[in-house]
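**Student:**
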Amino acid sequence: MALAADAFLTGLDADKAYLNIHTNVFPGGEIRGFLTRDVSEPAMLGLLGLASGCGLLARRRRG
C-alpha cells in the first residue's frame, strides 16, 4: 500500500496522476482527467461564487 501511495504522490507532483472513474453506465470511464495540486486562489473563489449562485438560483426556483 505504501508503494502505491508513493507512486501516486510522485505522479501528482509531476502532473501525471490520472483519475478515471468507471460505472456500469459508462464502463469506459465516466469522469476522467489529470489531477494537480496547483489550484490558484482566484480560481477557487470563482468556483465557490459560481456554486453559491447556482445554489441560490435553485433554491429560488423551488419556491
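Be aware that the sequence shown starts at 7, since it is given in this note's numbering, and climbs by one per residue. A virtual CB, placed ideally from N, CA and C, is assigned to each residue, including glycine. Given the structure is predicted, the values throughout are model-derived calculations rather than measurements.
Where does F38 fall in DSSP's three states?
**Tutor:** According to the sequence shown, residue 38 is Arg rather than Phe. Looking at R38 - three-state DSSP - the assignment turns out to be strand.
**Student:** For R38, which option in G61, C60, A13 and N26 has the closest C-alpha, if you only look at C-alpha atoms?
**Tutor:** That would be N26, whose Cα lies nearest to the Cα of R38.
**Student:** Which of the three DSSP states is assigned to A8 in this structure?
**Tutor:** In this structure, A8 counts as helix in the three-state DSSP scheme.
**Student:** Below 8 Å on the Cβ atoms is my guess for L41 versus A23; work out the distance and round it to an integer in Å.
**Tutor:** L41 to A23, Cβ: 4 Å. Contact.
**Student:** DSSP three-state label for A23, please.
**Tutor:** Strand, per DSSP.
**Student:** Once the 5 residues before and after G17 are set aside, which same chain residues still bring their CB inside 6 Å of it?
**Tutor:** Cβ within range, chain order: A23.
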